[in-house]
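Here is the structure we will look at, set down as structure tokens.
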Amino acid sequence: MTERAGNQVLTANPWRDSDLDGATGAIVLADGTIIPGEGAGASGIATGELCFNTAMTGHQEILADPSYAGQIVCFTFPHIGNVGANAHDEEAASDRARKAAVGMVSRAPITPPSSWRAEHSFTEWLTARGIVAVTGVDTRALTARIRELGMPIAAIAHSPDGKLDADTLRKAALDAPSMEGAELAQHVLSEADSDWTQSDWVWPDGPGIGPSDGPLVVVLDYGVKANILRRLAGAGARVKVVRGTASAEDVLSLSPAGVVVSNGPGDPAATGEYALATIRGVIEAGVPTLGICLGHQMLALAIGARTQKMTHGHHGANHPVKNILSGQVEIVSMNHGFAVDRDSLPENAEETHISLFDGTNCGFRLKDKPVMSVQHHPEASPGPQDSFGVFDEFVGRLSGG
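Just add 1329 to wherever you are in the sequence shown, counting from 1, and you've got this note's numbering.
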């Protein structure tokens, strides 16, 4: 039930503290709203920013995406679990990057796996991953609330014995930090530099092996997704992953043919406090550079543009983005809560992509440097493959194609 007061939407809370009696799972928003349900996955309490994701499949890849670190994901598609989980769909490129989403919300109970690729049930995977889940929630109403009021900070809890305390959960939600100003990348970037060899997934065996003689692409890791690395290798590059805390001198000493500034979690301005000097050094050296998601935002900051917090962000595998240069509309995978302010882009930057949902910036390139950048996830894991060409274009330029 909602009522309007001016331009503000107020959502009434139909639940009382007593509705938690005997409940094994619950979500409590920072404004005190209580949403009881059935607990699943890991036991305990987790806090984070609550967002919704519209993807119909790929739930393992979404929750394993390091970009979701510090977030609770509400899936709008009601059913979950039928494909189970398997090692080939892992999106954390390092052990530290396994600190991804902290919570999950779904409408229907988690079903047993019914897929030849399943190695574990989704419940087993959630538990092993430390992800707290709550099912049996009216996700349509919760999604509508997020769309109207923005992504709230929330506490999510699973207590198998049915002992949940509303006041404890309210305090946990209130004490949890905002995503604005949050520097989360250092929690998920790799511990050490490494060479990456996996290539694209090949039916039915799994990832292939990348080339040993392609142009060297150095990936600045702020929580890079494994499929970005697979796609680079699949496009013909040799891939080396370097910690995002590396200096420009560290990166340039490797003599890279190109550099990729990776995706990752948190506020780009906060991560930029230690990353922008490196990114600027790479740009000034004239090294061809590609930014993806958080990397796109930090590239924008590095050239003097601004980023801004979005109300409910873009999270899903069905987002339409227009490629201004080609005129084509691409259906893409997205996951971001911050966006580049297009009006702040300098004169030497040309906008290349826009969201057809809300018109926000989704890509730019520099006119005087070999720099290109996209807000969406062209590796699309999960999601459509319309933007795979981003990697072919980038690596092709490095190869003289």
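The beta carbon of each residue, even a glycine, is placed where N, CA and C say it ideally should be. Only a predicted model underlies this, so the values are computations on that prediction, with no experimental measurement involved.
Beta-bridge partners assigned by DSSP to residue 1684: 1650.
For residue 1506, the closest alpha carbon among the candidates 1407, 1346, 1382, 1480 is that of 1480. Of the other Cβ atoms in all chains shown, 16 or more fall within 10 Å of the Cβ of residue 1710; this residue is therefore buried. Judged by their CB atoms, residue 1638 and residue 1509 are nearer to each other than the 8 Å cut-off. Counting C-beta pairs closer than 8 Å gives fewer than three between the region 1630-1646 and the region 1351-1367, which falls short of the contact rule. As summarised for the region 1335-1413, the continuous beta strand (DSSP E) elements at least 3 residues long and confined to that stretch are 1337-1340, 1354-1358, 1363-1370, 1373-1382, 1400-1404, given in chain order. A residue is called buried once 16 or more other Cβ atoms fall within 10 Å of its Cβ, and residue 1538, having fewer, is exposed.
Taken atom to atom, the span from the alpha-carbon of residue 1540 to that of residue 1369 is near 42 Å. Under the DSSP assignment, residue 1696 falls outside any beta strand (DSSP E); it carries neither an H nor an E label. In this structure residue 1443 is exposed. Its beta-carbon is surrounded by fewer than 16 other beta-carbon atoms within 10 angstroms. Boundaries of the beta strand (DSSP E) harbouring residue 1659: 1658-1669, taken from the DSSP string. Cβ atoms of residue 1589 and residue 1561 come within 8 Å of each other, at about 7 Å. Residue 1654 counts as exposed, since fewer than 16 other C-beta atoms from the protein chains shown sit within 10 angstroms of its C-beta.
For residue 1516, the three-state secondary structure derived from DSSP is helix. Apart from sequence neighbours up to five positions away, the residues of its chain that approach residue 1576 with a beta-carbon distance below 7 Å are 1607, ordered along the chain. Here residue 1700 is buried. Its C-beta has 16 or more other C-beta atoms within 10 Å.
Nearest C-alpha to residue 1413 among 1393, 1445, 1431, 1720: 1445. Contact between the region 1529-1536 and the region 1389-1409 is absent: fewer than 3 CB-CB pairs across the two stretches fall below 8 Å.
Judged by beta-carbon spacing, residue 1571 lies within the 8 Å limit of residue 1549, meaning their Cβ atoms are closer than that value. Residue 1493 places its beta carbon 8 Å or farther from that of residue 1614.
In this structure, the CA atom of residue 1463 is about 25 Å from the CA atom of residue 1593.
Distance between residue 1601 and residue 1715, taken at the CA atoms: about 30 Å.
Along the length of the region 1402-1471, whole beta strand (DSSP E) runs at least 3 residues long occupy 1432-1434, 1461-1464, reported in chain order. Between residue 1686 and residue 1674, the gap from beta carbon to beta carbon reaches 8 Å or more. The C-alpha of residue 1375 is placed about 17 Å away from the C-alpha of residue 1490. Straight-line measurement puts the Cα of residue 1644 at about 12 Å from the Cα of residue 1388. The beta carbons of residue 1676 and residue 1596 sit about 26 Å from each other, so the pair does not count as a contact at 8 Å.
Our two residues, residue 1476 and residue 1641, have alpha carbons roughly 6 Å apart in a direct line. Taking C-beta separations shorter than 6 Å and ignoring five residues to either side along the sequence, the partners of residue 1563 in its chain run 1528, 1529, following chain order. Looking at 1579, 1599, 1623, 1621, the one whose alpha-carbon comes closest to that of residue 1611 is 1579. Taking C-alpha positions only, residue 1391 is separated from residue 1430 by approximately 8 Å.
Residue 1461 has its alpha-carbon roughly 14 Å from the corresponding atom of residue 1501.
Under the 10 Å beta carbon count, residue 1712 is surrounded by 16 or more other beta carbons and is classified as buried. Residue pairing from DSSP places residue 1525 in a beta bridge opposite 1568. Here the alpha carbon of residue 1679 sits roughly 11 Å from the alpha carbon of residue 1690.
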